[in-house]
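As given, the protein sequences belong to chains X and P, one line each in that order.
Read left to right, the first sequence gives residues 32 to 358 (our numbering).
Read left to right, the second sequence gives residues 7 to 802 (our numbering).
The beta-carbon is built from N, C-alpha and C at its ideal position, and this holds for glycine as well.
Just so you know, these numbers come straight off a predicted model, no measurement behind them.
Notes follow once the structure below has been shown.
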Amino acid sequence: MTIQVPPVGFVSAGTLEEAARLVSDPDDRAVLIAGGTDLVPKLKRHQAAPITLVSLANIEAMHGIAITDDGACVIGALTTLSEIASSPDVPTMLASAAATVASPQIRNSATIGGNLCVDTRCNYIDMPLTWRQARGHCLKDGGDTCWVAPASDRCWAISSTDLAPVVIALNASVRLVSSRGERVVTADSLYRSDGINYLTKTSDEILVDVTIPATTARTSFQKLRRRGSIDFALLSVACAVDVDSEGRCDTARIVVGGIASAPVSATDAEEFLVGKQLTPEVIDEASEIASKPVRAQDNTDTGQRYRKWMISVHVAKALTEAATERV
Amino acid sequence: MHAVGTAGPRIDGMEQTMGRTKYTDDMTLPGMLIGRLARSTQAHARIISIDTSAAEALDGVKAVLVGTDLPITYGILPVSQDETALAVGKVRHVGEPIAAVAAIDAETAERAVDLIKATYEPLDTVASIDGALLEDRDLIHGEGKGLNVHRTAALEFGDVDEGLASADHIREDVFYFAGNTHAALELHAALATAEPGGRVTLWSSTQVPHYVHRTLAKVLEMPAGQIRVVAAPVGGGFGGKTDPFSHEIVAAKLAMVTGRPVKFTLTREEVFYAHRGRHPVLMWVKTGFDTEGRITACHFKTFLEGGAFGSYGAASLYYTGALQTSTYQIPNYRFEGVRVFTNKPPCGPKRGHGTPQPRFALECQLDKAAEDLGIDPVAIRLINAVEPNSMTVNHLRITSCALSECIERVAEASGFKEKFENLPAGKGVGIAVGAYMCGAGLPIYFNEMPQSEVQIKVDRGGGVTVFSMATDIGQGSTTMLATVVAEVLGLEPSDIAMVTADTDLTPVDLGSYSSRVTFMGGNAALEAGTAVKDRVFAAVADKLGAPIESLVAQNGRIEDAEEPDTGVSWAEAVALAIASGGPLIESGSYRAPKLAGPYKGAGVGISPAYSYSAAVVEVDCDPDTGIVTVDKVWLAHDIGQSINPLLVEGQIEGGVYMGLGEALFEADDFRGALHRGPSLLDYKMPTSLDMPPVEAILIDSDDPEGPFGAKEVGQGPLLPVIPAVANAIWNALGIRMDQTPFTPDKIVAALRDVARGKPGRFGPKEVPAFEFPPLIMVEPPEGFPTGRIHIEVGVS
């Protein structure tokens with residue numbers, strides 16, 4: 032049987048202001064829906080029980096890609112991943128990362144705003160209801176224990192957005208609008224390492240667009256997954272390095288996704304690279320440094336030991352590819 | 007032959023491709039209710055109470071059932087009547103049905119299920135083979151504590167100790183084959199109605215309407231004649247729809263209770279709990295070889311994790327020991343096996359039923375022996391290959407057999423020898439073989455009746471309708487039957503109307519399992535078609551004044567081969583036959599020759615014929631990530647004779663696909679007794695985009711007893727694929743994957759071991775110290791290995 036979506040109200044907002052008003056009072060239990068590819072399965076599995084869905088789909092101002100006078104790329108939150116994957120105007124790394132998300136059908140519906148806000152995942156929560164009843168509801172599911180780390184008082188669900196590491200590595204910012212006003216925050220600061228409260232955005236704020244400043248960085252995105260056709264990342268790495276005329280690294284950004292509750296910036300490795308030539312030896316050393324502080328949890332496919340091993344492998348792949356990228 | 011051997015679309019292909027086929031879940035009847043099952047959230051527990059009062063009080067709920075409403079036990083095998091439609095007294099795995107509701111719509115039914123409250127007293131959870139072999143755990147079946155052993159087997163053919171003593175080289179290896187599931191695209195569904203007069207009709211996505219019919223009669227305590235079971239078009243089975251299921255019985259009972267039609271369609275999660283998939287099997291194999299690689303003896307131990315019920319398990323156990331001898335001449339053979347119960351969804355038959363696991367072990371061990379002895383992997387298989395018209399040491403009768411040709415052809419087409427020695431690091435090729443039965447030699451319940459019956463009725467206008475209970479599960483059995491009859495009558499397959507899989511309308515065929523339908527149903531259709539042809543020819547001979555022997559059926563006409571101009575059209579010929587002999591209704595049947603050897607367990611593995619396959623797989627492995635990409639698969643299959651080569655190739659591609667999934671991706675992993683991910687997101691199956699090209703090579707060995715010489719293709723081609731992948735990974739990376747699936751984490755772990763100077767291998771190290779029962783010593787067949795082979799001439 033196709034699992035039913037439980038009964039829920041549905042309102043399509045015509046303007047940003049209307050949408051902001053509709054989600055302004057938490058007591059209304061109204062939640063935003065764009066492509067629906069993350070939310071609808073959760074509704075079917077009874078992981079969320081909103082009273083009303085507020086659709087953003089008809090807000091024209093939130094669609095599309097524009098280039099500003101200073102060369103920044105501004106992407107409306109409702110721009111679909113298919114549009115981004117095939118756009119010549121967005122940074123190459125963003126297009127190639129978007130092309131690895133899910134399947135063509137899902138990319139046609141899923142949006143960049145939705146991907147940046149996609150819920151954290153864990154194989155104790157992203158399960159059917161009978162399974163969760165048999166296991167006992169976990170912390171994120173209304174219970175009082177995180178089954179991944181029962182001694183811990185927090186939730187260890189994993190950030191599984193493929194695009195967040197990319198926009199963080201590209202020093203992007205996002206614009207958040209609510210009925211209280213508007214603020215712009217760095218993409219990096221949008222995330223918090225907590226599987227339940229994984230965003231610093233409040234529930235009444237709407238992510239309206241993403242701005243990626245012009246860049247000369249060499250970039251690479253690497254994603255580890257079981258099937259090349261469709262799968263969430265077991266690990267993703269986005270890196271952006273600026274090199275001077277001598278081939279020395281000016282600045283480096285290395286962001287690891289899919290391994291913790293928020294994207295992880297490998298700051299020690301970034302600092303290590305500054306001023307160095309990107310030789311294979313330097314890349315190997317930087318990769319080892321990048322993998323050191325990250326712990327993998329046993330809450331997705333394949334063992335945690337393997338995912339830990341793969342961090343340095345993928346950081347090295349990303350740095351190697353970036354070092355040889357033509358710009 | 008004009009129809010047989012011609013590649014063409016399925017006769018129901020257009021309907022399916024256009025989405026017009028009505029599967030069970032597509033059906034709706036007036037007043038229909040929706041049924042849902044409440045399921046256990048406990049792995050092993052005594053049921054203290056089940057409170058259904060709130061569910062019954064819910065508006066729109068028409069009936070609620072619990073276990074005591076359907077207390078009669080059943081099970082697919084007469085020796086394992088250990089299931090009830092809804093749990094009685096205790097629950098044995100998470101997801102076991104404990105209650106059922108029928109309501110006016112799905113939403114109400116779902117809410118009613120949530121309102122059913124069960125209380126339990128937990129029992130010990132048994133979640134592994136090792137756990138089942140502890141003596142102090144609560145029994146899953148029976149009272150008290152003890153070993154959770156379901157069945158054991160211990161057989162010896164010839165003298166294994168002597169065979170090993172004479173060996174120049176002996177290998178001992180341990181392997182583990184992970185459990186996995188069918189994941190047919192169509193979810194299990196059933197729709198039942200009950201007439202006021204008492205007759206019950208059940209439409210179901212089943213592979214075995216006859217066995218479902220028998221089970222309903224037993225559990226509902228009704229005469230079989232009051233029950234009609236129809237297998238609606240089935241959207242994939244692979245063995246997963248070969249048991250009678252809770253939802254089928256409950257749908258019928260709820261229809262009787264409410265007087266309204268009731269439909270159940272399981273969710274994907276529920277299908278994972280209904281299961282009956284591939285058994286996880288731990289294996290220990292000790293084999294002796296002479297210096298040229300000839301096998302002198304083989305000792306095989308298997309440990310099967312059966313899950314919570316018997317299902318086909320008693321047969322599955324013997325299948326893990328039965329077919330090793332069907333491909334290689336093993337002069338001395340010992341098989342010891344044990345199947346245990348655990349608190350997990352019940353295992354059963356999946357494509358290859360009990361044989362892919364030992365095939366994986368045997369083919370990987372043979373590859374290692376070849377390496378030890380400095381023989382190439384092709385040569386060691388050829389030197390041991392079974393020959394046509396021979397007996398195996400465990401009394402299997404081998405008739406047609408093109409195994410050697412399969413090996414040679416697939417090695418040649420793939421360029422195996424050059425690639426094996428010359429591919430760069432990271433790339434590799436592997437080879438393996440397999441064999442499978444063309445139908446189990448014995449029916450599931452003992453009886454002397456035919457295993458397949460076919461009836462043909464010819465209309466006065468010449469229309470031919472074939473009636474058969476053979477169930478098309480996507481493999482194309484309906485097209486096969488139409489092709490056989492069309493061939494005999496000189497018509498086209500598309501001329502034949504097919505009525506199938508309906509216990510009211512069609513004579514019995516035991517079902518679509520054990521790759522039996524082409525061989526058995528095809529022979530029954532051949533006999534029925536021949537009976538129709540004989541009547542028509544007699545009438546036409548009389549009319550034309552021509553001898554019957556000179557008549558031929560071709561191009562929709564019955565003609566005198568000597569004087570083609572004098573023939574009559576098929577319709578005229580039919581009118582003549584009806585005028586002279588009354589209704590043109592004939593039937594045919596098939597029963598397999600009696601082949602069982604003189605020992606307990608000999609009924610498993612015997613078959614009137616065996617198909618043979620050999621596969622070469624080429625892989626490209628990333629040593630950094632452990633990800634294996636399959637570049638191409640070559641598969642040669644001894645089909646006997648293709649009834650329809652297009653469908654044969656489709657089955658080969660499907661078998662390769664499923665084999666690659668089991669090799670690289672799929673496993674039913676558990677956290678304790680709880681499935682790690684009962685969904686198609688977490689249970690990793692390859693998609694069409696992950697599928698490499700497949701080159702199918704069809705080899706005709708013209709089986710002496712098959713219809714037009716045909717043999718099976720539904721299951722055999724899966725078998726060699728899994729070990730061929732493992733052997734290719736060895737060739738690419740120098741590591742041995744002795745445990746499925748060959749996931750990237752296992753590969754990287756083995757490579758890291760190599761880097762630290764350890765053996766490059768991933769797999770179990772030992773098997774439990776289980777005391778098997780005393781061996782039953784069986785003499786090899788008279789004159790082994792050649793002996794006297796009896797081949798049935800014609801069909802029964």
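The bridge partners DSSP lists for Asp157(X) come to none. In terms of CA proximity to Asp100(X), Pro244(X) leads the group Pro244(X), Ala182(X), Ile137(X), Ser140(X). Taking CB atoms only, Leu680(P) has a neighbour in chain X less than 8 Å away. In the three-state DSSP reduction, Glu168(P) falls in the helix class (H, G or I).
Those residues of the region 95-106 of chain P placed with their C-beta closer than 7 Å to a C-beta in chain X are Val100, Gly101, ordered along the chain.
Taking CB atoms only, Gln164(X) has a neighbour in chain P less than 8 Å away. Looking from the CA of Thr351(X), the closest CA among Arg336(X), Lys339(X), Glu316(X) belongs to Glu316(X).
The residue among Arg143(P), Ile56(P), His175(P) with its C-alpha nearest the C-alpha of Leu121(P) is Ile56(P). Taken through DSSP and simplified to helix, strand or coil, Leu238(X) comes out as strand.
Pairing Tyr519(P) with Gly241(P) gives a Cβ-Cβ distance that is not under 8 Å. The C-alpha of Ile735(P) lies about 11 Å from the C-alpha of Phe426(P). Contact between Pro196(X) and Ala269(X) holds: their C-beta atoms lie close to 4 Å from each other, under 8 Å. Look at Arg387(P) here: in three-state DSSP terms it is helix. Listed along the chain, the chain X residues whose CB falls inside 8 Å of the CB of Phe671(P) are Arg257, Arg258.
Close to Val754(P), with beta-carbon spacing below 7 Å, are these residues of chain X in chain order: Tyr337, Trp340. Along the region 112-131 of chain P, the positions whose C-beta sits under 9 Å from a C-beta of chain X are Ala112, Glu113, Glu116, Asp120, read in chain order.
Residues are counted here when their Cβ sits less than 7 Å from a Cβ of chain X; for the region 630-645 of chain P these are Asp630, Thr631, given in chain order. At a cut-off of 8 Å between C-beta atoms, Leu757(P) does not count as an interface residue with respect to chain X.
For the region 684-708 of chain P, the beta-carbon criterion of a distance under 9 Å to any beta-carbon of chain X is satisfied by Pro684, Ser685, Leu687, Asp688, Lys690, Met691, Pro692, Thr693, Ser694, Leu695, Asp696.
A Cβ-Cβ contact shorter than 8 Å links Pro337(P) with Gly169(P). Between the beta-carbon of Gly283(P) and that of Gly354(P) there is about 7 Å, and that keeps the pair under the 8 Å contact cut. In the three-state DSSP reduction, Gly316(P) falls in the coil class, being neither helix nor strand. Excluding its 5 nearest sequence neighbours in each direction, Glu162(P) has C-beta neighbours in its own chain below 6 Å: Arg340, Leu781, Met783, listed in chain order.
Apart from the 5 residues on each side of it in sequence, Met228(P) sits with its Cβ closer than 8 Å to the Cβ of Gly204, Val206, Leu222 in its chain, given in chain order. Within the region 191-237 of chain X, the alpha helix (DSSP H) runs of at least 4 residues that lie entirely inside it are, in chain order, 194-200. Just so you know, the alpha carbons of Leu487(P) and Val623(P) end up roughly 33 Å apart.
The beta carbon of Asn89(X) does not come within 8 Å of any beta carbon belonging to chain P, so the residue lies off that interface. Taking 7 Å as the cut-off between beta carbons, the residues of the region 267-301 of chain P near chain X are Thr271, Leu272, Thr273, Glu275, in sequence order.
Chain-ordered listing is empty here: chain P has no CB closer than 7 Å to the CB of Pro81(X), the nearest sitting near 17 Å.
Residue burial annotation: Gln35(X) is exposed, with fewer than 16 other C-beta atoms found within 10 angstroms of its C-beta.
C-alpha of Trp290(P) to C-alpha of Ala138(P): approximately 18 Å in a straight line. By the Cβ test, the region 203-219 of chain X is not in contact with the region 79-89 of chain X, since fewer than three Cβ pairs between them sit closer than 8 Å. Excluding the 5 residues flanking it on each side, Ala116(X) has same chain C-beta neighbours closer than 7 Å at Ala126, Ala129, Ala130, Arg138, in chain order. Against chain P, the beta carbon of Gly334(X) has neighbours under 7 Å at Asp751, listed in chain order. Counting of Cβ neighbours within 10 angstroms places His796(P) among the exposed residues, the total staying below 16. Note that the region 181-192 of chain P touches the region 743-756 of chain P; at least 3 beta-carbon pairs, one per stretch, sit closer than 8 Å.
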